[in-house]
Amino acid sequence: MVHDYFAEISFDGEAGVWYVSDTNFPGLVAEAPSERDLLARIRALVPELYELNRNLFDEPVLEAIPLRMTSNRLETIRLAG
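So for the sequence shown, our numbering puts the first residue at -10; every next one is plus one.
Now the structure itself:
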């Protein structure tokens, strides 16, 4: 059975970057200027991290890794009036 991996991505308004704010995927740390760029970076990093940290995975050798990605962005919306 393959573990249920996840990565939550969030936007830091002060720094102006998207970043991995929470994950259970070993070694996954990343940021990028846009959500699209961050998703692409995560897709590139996951296979590399799997190869580098294979001993941390509690599973047989995998051909694909399911990674549930969710995004979170807090905005302040000004009200008319």
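Yeah, the Cβ is synthetic: ideal placement off N, Cα and C, and Gly gets one too. Remember, predicted model here, so these are calculated numbers, not experimental data.
Beta-bridge partners of L17 (DSSP): none assigned.
Burial state of A69 is exposed, judged by a 10 Å Cβ sphere holding fewer than 16 other Cβ atoms. Beyond the five residues adjoining it in sequence on each side, N13 comes within less than 7 Å, by CB distance, of Y(-6), F(-5) in the same chain, given in chain order. Inclusion of A19 and L27 in the CB contact set at 8 Å is warranted, their separation being smaller than that value. Under the criterion of beta carbons closer than 8 Å, S10 and E(-3) qualify as touching, at roughly 5 Å.
DSSP places L63 in no beta strand (DSSP E); its state is neither H nor E.
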